[in-house]
Amino acid sequence: MRKLQTSLGHRPGKRFLRVGGGALALTLLAACGGNGGGGGGNSASADGCPEGYPERPIELIVPFAAGGGTDVGVRLLAPYIEEELGGATINVVNREGGGGWIGWNALRAAEPDGYTLASLNTPNLISGYLNPEQGIESSLDDFTLIGNVVTDYGAIAVRPDDDRFGTIEELIEYAQENRLTATSTGVGSDDQLASLSLNDALGTQFEGIHGGGAADSLTAVVGGNVDVMFANVGEVATPHENGQLKVLAVLGDPENRGELLSDVPTLAETGLEGVEDIRSWSARGLGGPGGMDEGLQQCIADAAAAAIQNEEFVAAMAEQSLLVDYRDPEEYRQMLEEEEAMVEDLGGQFIW
C-alpha cells in the first residue's frame, strides 16, 4: 500500500524560501500594492507575454471566505504579480462554498484567455473529484497549472497537560493499544489522510472527528473533547509557542521543513520504524482554466515565479507562519500527480 509519501526535498528544482532577520511588517506590504491598477512600466516577466496582454483586469478567484489563510496569502501575492505583468490590475474575488468547488467550477467554466485564475488548494481539490460521493467529474487536466506557492506541512499536537504522552513515541505506543480521537477538517483533508496513514503503517487507532476549521480543532483539543490535533504547521506554530498546545511531531521533510517549529522532530527523525517516508501537507498554488495557450501559460508562470520568490512576499508569508515553496508548472504537476495517487489509494481503502 502506498503510504502518505512523497519525495519532497529530493526533487530537482525544489525551492523552499527563507528570510533572515525580521519579517517585514504587513502594513508596509499593503502600502506597496492595494488593487494595483495603474500603469507601472514594463517588467522582465511581461516581456515574453502575448502582445497586449493583459489589456483588462484579471480576476483571481479565492474559493474560500475572505479573511482566511488562503485569502490573506492571495491578497498579499496579487500586487507582486501585478508589478511583474507591467502594471496589470488583479481583482481578488471570493467564491466560497462546496469545499472550494464553487470557485473551481467557475474557473473551469471560464475562457482560458489568462483573465481568470484561481487558488488551487490540495488535497481538497483532488479529494473533491476523486470522492464518488461528491459527484464531481473533473481531473487535473481541467486546470492549467501556473505554480505552487505554499506548502504547509502537517503536525501532530496534544494538550500540554495531557500526561499520557509527552513525546511522539509515547503517543504512537499508546495509540497502538487504545483508540484516540483525532481532529480532521473534513473528509479527504490532509489531516484525515495523515491519521489514516499512521493507522495503516503503524497500527494506531486514530479516529477522525470531522468538522470545522483549525480554530475549531484547537478549541476541541484544548478543551479536552478530542485527544489529538492533526493540523498544519502554520496553524499550530503560535499555539505551540504560547503554551496552548504541545506539538509532538512535524510530518515534513527533515531537509526542507523550514524554520517554524524547529524544536520539534519530524517523524523521520524520531527513529520509529515504518514512518521514514510519511509526509502530510496542504499546498496552495495558482491555476487557470484547462486549455490555455502554452505561451500565455508561460507568461503568467514567469510573472508568478518572480512574485512568489520576491523577498518581501516571502517575509510577509513568514509573518503568517507559512512557508513559501515555489514550484514551476512542471514541478507542480508532478507534485499534484503524486498527491492524487496517494489520495486515490487511501481514499479508496478507508474513506469512500
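Per our numbering, the sequence shown starts with residue 85, numbered consecutively.
Each residue gets a CB set at the ideal place from its N, CA and C atoms; glycine is no exception.
| field | Cβ shell of L264 (< 6 angstroms), same chain only, five flanking positions each side left out | value | F290, D311 and V312
| message | Between N178 and A202, how many whole angstroms is the CB-CB distance? I'm expecting something under 8 angstroms. | response | Your pair N178 and A202 does not check out as a contact, with CB atoms roughly 11 angstroms apart and the cut at 8 angstroms.
| Just checking, does the region 182-197 make contact with the region 387-399 on the three C-beta pairs under 8 angstroms criterion? | At 8 angstroms Cβ cutoff, the stretches do not touch.
| said: Buried or exposed, going by whether 16 or more other CB atoms sit within 10 Å of the CB of Q260? | reply: exposed
| query | At what residue ranges does the region 310-391 contain a whole run of the beta strand (DSSP E), taking only runs of 3 or more? | reply | 313-316, 330-335 and 365-373
| query | Is it buried or exposed for Q433, if we count other Cβ within 10 angstroms and need 16 for buried? | reply | exposed
| said: Taking the alpha helix (DSSP H) that E428 belongs to, which residues open and close that run? | reply: P413 to L430
| Between Y213 and the rest of its own chain, which residues show a CB-CB distance below 6 angstroms, the 5 nearest in sequence each way excluded? | I220 and S222
| field | Inter-stretch contact at 8 angstroms, needing at least 3 Cβ pairs: the region 358-367 / the region 224-237 | value | yes
| CA nearest to the CA of P449, picked from N394, D377, R341 and G296 | Lying outside 85 to 436, the shown extent of the chain, residue 449 is not represented and no answer is given.
| Counting pairs of Cβ atoms below 8 angstroms between the region 329-347 and the region 137-157, do you hit three or more? | no
| beta strand (DSSP E) segment containing G292, residue limits | Note, G292: beta strand (DSSP E), F290 to H294.
| said: Residues in the same chain with beta-carbon distance under 7 angstroms from P323, minus the five sequence neighbours each way, listed in chain order, please. | reply: Taken in chain order, the residues that qualify are L302 and L329.
| said: Check this for me: beta carbons of L229 and G132, under 8 angstroms apart or not? | reply: Using a Cβ distance threshold of 8 angstroms, L229 and G132 do not count as a contacting pair.
| field | N-terminal and C-terminal residue of the alpha helix (DSSP H) that Y164 is part of | value | G153 to E168
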